[in-house]
Amino acid sequence: MRVLEIASEATPFAKTGGLADVAGALPAALARLGCDVTLVIPGHREALARGLAIEPAGIGFDVPLGGRRVPARILRATVPGGHDALLIENAEFFDRHALYGDYADDAARWMFFARAATELAARLGAPYDIVHCHDWQAGLVPALLKILPPLVPAATRTVMTFHNMAYQGSFPASDMPLTGLDWRYFNWRQMECHDRVNLLKTGLVFADLVTTVSPTYEREIQTAPGGCGLEGVLATRSGTVAGIVNGIDTTAWDPHRDRHLPRPYGPDDALLGKQAARMALFSRLGSAPPDGRPVVAFVGRLAGQKGVGLVIDLLHRLAGSGRARFVVLGTGDAHWEGELQHAAEAYPGVIDVILGFDEGLAHLVQAAADMLLVPSLYEPCGLTQLYAQRYGSLPVVRATGGLVDTVVDVSPDTVRDGSASGFVFPHVDAGELERALIRALDAHADCDLWQGLVRQVMALDWSWESSAREYLRLFERTLAQPPLPVES
Ligand code: ADP
Ligand code: GLC
2 MRVLEIASEA TPFAKTGGLA DVAGALPAAL ARLGCDVTLV IPGHREALAR
52 GLAIEPAGIG FDVPLGGRRV PARILRATVP GGHDALLIEN AEFFDRHALY
102 GDYADDAARW MFFARAATEL AARLGAPYDI VHCHDWQAGL VPALLKILPP
152 LVPAATRTVM TFHNMAYQGS FPASDMPLTG LDWRYFNWRQ MECHDRVNLL
202 KTGLVFADLV TTVSPTYERE IQTAPGGCGL EGVLATRSGT VAGIVNGIDT
252 TAWDPHRDRH LPRPYGPDDA LLGKQAARMA LFSRLGSAPP DGRPVVAFVG
302 RLAGQKGVGL VIDLLHRLAG SGRARFVVLG TGDAHWEGEL QHAAEAYPGV
352 IDVILGFDEG LAHLVQAAAD MLLVPSLYEP CGLTQLYAQR YGSLPVVRAT
402 GGLVDTVVDV SPDTVRDGSA SGFVFPHVDA GELERALIRA LDAHADCDLW
452 QGLVRQVMAL DWSWESSARE YLRLFERTLA QPPLPVES
């Protein structure tokens, strides 16, 4: 099966969050299952500046964009998994300081990307069976493939995976001509939403198959507020939306072999490995050395979604208790950054806050931590809790989305049957988070119990193997069915 994966970011090229991890690892997992996979991403400045082996692919063409013709030059890189990655280079749109930044020309940037990826699909030799689009930045692709004069054979099927319903790529109606599609598609059943062009909706409406990144999130988005206004659109696709939990790249995230750690470790020497990581982390931060208190961490985007307000509340509630040290690694909303800095200044030696995006530090913090806070308001899947488990730290999570599907609350029963894998609290409530963390701290004080839990979570298998098989099964089923008809 030939599969073209289209995403706006992917490791090791450019990353702002979990989409990059998925778009980096899923193609390799599909390739291991025998698929012939090509990944298409933008040639972001960040991707070209990383010193990776990227070369001109000898392909260049002009892309129609609202009356202009905009050049796209294709670069090629061979990814460690063995599949090809193609980068769409255009300095006007992608030679930018940040991948996303509320740029004034965002509609043009991403409509260019979608159109260029679509044209590229037609120029790559043997036709693709599946064109798999991720998030709103690729949401126009299924519509272009269905509506424009045939660019790919009729047998090709499109798949739309959305990683977060809250980000929809909504642009003024005046941007419709940039899509290259007729105004007649600007209607409430297809591309329009509240009088604007909505690229996520477009993908959901036109793709042959729609998926999201966990079974619980798939259920949550069927109604408001989880569906973020698109629950009605999803209802029209009922029966064709699947929730597949993400896997993790077990090579990049492997405490046995992690080059970001001072002393790699496995389940048998986790205590030593994690102590070495704590020493390295605190010395790098210029903070007091580890003192036996458990380390509680948060790693993530500082956005409302992630429950940062709950974390800040928790810091003020527990920092004075002497029961734990806290480390926060994140970047995002200036308001949260300020509040976190404020908390760190109030409790030196207890709270360390690192504001910035640093892949190596994310690995080191996961290894140094005993517990990882993931108090999300909503969470389509979440990867940090999976990394935490693999690195022998216990996640403390709110029961939402993929966190429900990946973390089993520690209780006498789950400890006995070996399924316990973290601490879960039900509501968005600072008191509930505090009580869940106190349960975790109490468990940590019982050395035998804690070592058993660490062993248990480190043994969990979150590799991509079974989720990639699930994608493959759905791809095969979709290929066997007639294409979704286009209403015109
Ligand atoms: P989301 O995609 O919503 O941000 P995920 O949990 O799926 O959440 O993925 C987040 C990814 O981004 C993880 O790989 C995590 O380690 C990484 N990450 C988040 N914030 C930072 C940061 N400040 N520095 C380094 N890595 C980060
Ligand atoms: C999104 C979601 C996150 C998910 C990631 C990868 O960014 O917020 O929950 O893990 O995509 O699918």
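The C-terminal position of the sequence shown is numbered 489 in the working numbering, with every residue numbered one higher than the one before it.
Backbone N, C-alpha and C fix where the C-beta goes; we use that ideal spot for every residue, glycine too.
Bounding residues of the beta strand (DSSP E) (the contiguous stretch that carries residue i)
i    : result
G333 : R326 to G333
M372 : M372 to V375
T1   : Limits of the chain in this structure are 2 at one end and 489 at the other, which puts residue 1 out of reach.
R158 : R158 to F163
G301 : V296 to L303
D406 : Taken as a continuous stretch (DSSP letters only), D406 belongs to no beta strand (DSSP E), being part of the alpha helix (DSSP H) at G402 to T407.
A78  : R69 to T79
S239 : Premise fails: S239 is in no beta strand (DSSP E) and is neither H nor E.
F426 : F424 to F426
Which listed residue (the options) has its alpha carbon closest to that of residue i
i    : options                   : result
T119 : G181, S171, D85 and Q169  : G181
H317 : G301, A345 and F299       : A345
D410 : E435, R440 and D430       : R440
A115 : A156, L66 and P150        : L66
A325 : T251, A281, K307 and L374 : L374
A32  : T12, I75 and V80          : V80
G240 : T217, D250 and L210       : L210
V64  : A58, G102, A117 and D353  : A117
A78  : V41, G102 and F62         : V41
S464 : Q169, G52 and A26         : A26
A366 : A277, G267 and A437       : Here residue 366 turns out to be Val, not Ala, going by the sequence shown. Of the candidates A277, G267 and A437, the one whose C-alpha sits nearest the C-alpha of V366 is A277.
E6   : R70, Y129 and R124        : Y129
F62  : E47, L125, I55 and R97    : L125
S284 : G230, L362 and C229       : L362
M161 : Q191, S171, F207 and L121 : F207
T385 : E93, W254 and F95         : W254
P484 : A155, H195 and R51        : A155
P349 : G339, A320 and T237       : A320
E433 : P376, T157, L356 and G305 : P376
A481 : A15, R158 and D85         : R158
L404 : E219, R190 and A123       : E219
L303 : V296, L311 and V297       : L311
I89  : V38, P57, Y104 and G102   : P57
A8   : P43, L100 and P413        : P43
D37  : L356, R70, M2 and H364    : M2
Residue i: first and last residue of the uninterrupted alpha helix (DSSP H) it sits in
i    : result
G19  : G19 to R33
D414 : P413 to D418
A127 : Per DSSP, A127 belongs to no alpha helix (DSSP H) and is neither H nor E.
F95  : A92 to F95
V366 : E360 to A369
E477 : E466 to L480
R511 : A query on residue 511 cannot be resolved here, the shown segment of the chain reaching from 2 to 489 and no further.
D353 : Element bounds for D353: not the alpha helix (DSSP H) but the beta strand (DSSP E), I352 to L356.
L454 : C448 to M459
V153 : From DSSP, V153 is part of no alpha helix (DSSP H); its letter is neither H nor E.
V312 : V309 to L319
Residues bridged to residue i (per DSSP)
i    : result
L53  : Note: L53 sits in no beta bridge, so no partner.
E435 : Bridge partners of E435: none, in fact.
G244 : T213
H135 : T162
S288 : Paired residue(s): none; S288 is not in a bridge.
N199 : S171
P396 : L373
L66  : R69
A11  : A15
L88  : I42 and L76
L5   : T39 and V132
C194 : R197
Which residues, in chain order, sit with a beta-carbon under 7 angstroms away from any heavy atom of the ligand GLC? G18, G19, L20, D22, V23, H164, N165, V214, N247, Q306, E380, P381, C382, G383, L384, G402 and G403
Stretch pair the stretch 105–112 + the stretch 128–136: three plus CB contacts closer than 8 angstroms: no
Taking contact to mean 3 or more Cβ pairs, one atom from each stretch, closer than 8 angstroms, check whether the stretch 252–268 and the stretch 319–334 are in contact. no
Contact between the stretch 342–358 and the stretch 415–426 is defined here as three or more beta-carbon pairs at a separation below 8 angstroms; is this criterion met? no
Using a Cβ distance threshold of 8 angstroms, determine whether the stretch 12–24 contacts the stretch 447–460, with at least three qualifying pairs required. no
For the 8 angstroms Cβ check, are there 3 or more pairs between the stretch 167–174 and the stretch 188–201? yes
Okay, do the stretch 147–166 and the stretch 218–236 touch, 3+ Cβ pairs below 8 angstroms being the bar? yes
Is it the case that the stretch 398–405 contacts the stretch 423–440, given that we only count it when at least three CB pairs across the two stretches are under 8 angstroms? yes
Would the stretch 176–195 and the stretch 241–248 be scored as touching if the rule is three or more Cβ pairs under 8 angstroms? Fewer than three Cβ pairs drawn from the stretch 176–195 and the stretch 241–248 lie within less than 8 angstroms of each other, which leaves the two stretches out of contact.
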